[in-house]
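**Student:** Structure below; questions to follow.
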Amino acid sequence: MIKLDGGLSTALENNGNKLTTSLWTGELIRSNPAQITKAHLDFINAGAQIIITSSYQLSYPGCSARGWSEQETDQALITSTKLAKVAATQSGKSVKVAASVGPYGASLADGSEYKGNYGVSKSVLKDFHSRRLELLISTSPDYLALETMPDTFEVEILLELLKDCPIPFWISYSCRQGNQTNGGQSFQAAVDLAKEAMAVGINCTRPELITDLLRSASSSKPFIVYPNSGRVWDAKHKVWTGSGSAGFSDQLISEWVGAGAQIIGGCCGISAAEIADLSI
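Printed below as a string of structure tokens:
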């Protein structure tokens, strides 16, 4: 098994940072980059073998809305990979870096990555993703993490853009009850799209839903799993609500591994301490 990191926002908040803007963790790339590196190191020291960059919330429309120029957005994307690589080097450990590619819905800062079905055209989504993908690929991460994808329509467009991509990538979906993506497609249909991916799976989804999702699909690719703590995102107030009591029980981990998960970590609400306790 390979251990992935946890929620970067959680590590940053645990270190005293306030993440209140629409750019979330991405804001700190410019305002306090040392904190990004420190959060990465927290997860590496907890045993993470793969760390995910802080680029999830970065996009040209989203950054423009915060007053950033295109050149400043370019630099932030480049820096996001650089900060993760610096942490990996400082640790002296063998750690891989995955550049985060968030969905279109993340740029809306209204929780749309947990809904999908944005109501925009294919060309809009293609324009949204193309330049950012090219820039992230140019930073030479070990992997690309196409993550928190709410529906297959957006993934199909990303796969077109990544044809002949020189960097291995995984696809992970945000999912709901009924073994479906948040956009309403079956998880099996979502998995079937991942023929060119290194792994396919689920992230930022309640832990108690993961086992049935994995068991509902057959895959020739390894499953990757990094659920959140089980709480619900309040997009209006930009906070997680409810109890995250489900967590990572040994029973759940055993079920995920039995269902084919080979890369396991956490997402929002999962700290470095919980990654350290993760037995895989």
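Read in UniProt numbering, the sequence shown has 3 at position 3, and its numbers run on one by one without any break. Cβ coordinates follow ideal geometry from the N, Cα and C atoms, glycine included. This structure is a prediction, so every number in the text was calculated from the model and none was measured.
What are the boundary residues of the beta strand (DSSP E) that includes L161?
**Tutor:** No beta strand (DSSP E) contains L161, which is instead part of the alpha helix (DSSP H) from 152-161.
**Student:** If you count every other CB in all the chains shown that lies within 10 Å of the CB of V155, and 16 or more means buried, which is it?
**Tutor:** When all chains shown are included, V155 counts as buried.
**Student:** Is C175 helix, strand or coil by DSSP?
**Tutor:** C175: strand per DSSP, three-state reduction.
**Student:** Run through DSSP, which three-state label would F248 get?
**Tutor:** The answer is coil: DSSP assigns F248 none of H, G, I, E or B.
**Student:** Span of the alpha helix (DSSP H) holding T37?
**Tutor:** Here the alpha helix (DSSP H) through T37 covers 33-45.
**Student:** Can you check DSSP and say which residues form a bridge with K96?
**Tutor:** According to DSSP, K96 bridges with I50.
**Student:** What separation, rounded to the nearest whole angstrom, lies between the Cα atoms of A246 and P150?
**Tutor:** Per-residue confidence for A246 stands at a pLDDT of 45, beneath the threshold of 50, marking its modelled position as unreliable; no derived number is given.
**Student:** With respect to the alpha helix (DSSP H) encompassing E196, which residues constitute its N-terminal and C-terminal limits?
**Tutor:** Where E196 is concerned, there is no enclosing alpha helix (DSSP H), given that its DSSP letter is neither H nor E.
**Student:** Quick one: using the 10 Å Cβ neighbour count with 16 as the cut-off for buried, is Q177 buried or exposed?
**Tutor:** So Q177 ends up on the exposed side.
**Student:** Quick one: is D5 buried, meaning 16 or more other Cβ sit within 10 Å of its Cβ, or exposed?
**Tutor:** With 16 or more other Cβ atoms within 10 Å, it is buried.
**Student:** Would you kindly work out how many angstroms separate the C-alpha atoms of K163 and Y56, rounded to a whole number?
**Tutor:** Rounded to whole angstroms, K163 to Y56 spans 21 Å at the Cα level.
**Student:** Return helix, strand or coil for N182, following the three-state DSSP convention.
**Tutor:** Residue state, collapsed to three classes: coil.
**Student:** Can you name the residues that DSSP bridges to L28?
**Tutor:** Per DSSP, none; premise fails for L28.
**Student:** Under three-state DSSP, which class holds V225?
**Tutor:** It is a strand residue.
**Student:** What number of angstroms, rounded off, separates the C-alpha of A88 from the C-alpha of G266?
**Tutor:** Cα to Cα, A88 sits roughly 19 Å from G266.
**Student:** CA-CA distance, G62 and S22?
**Tutor:** Their backbone Cα atoms lie some 8 Å apart in a straight line.
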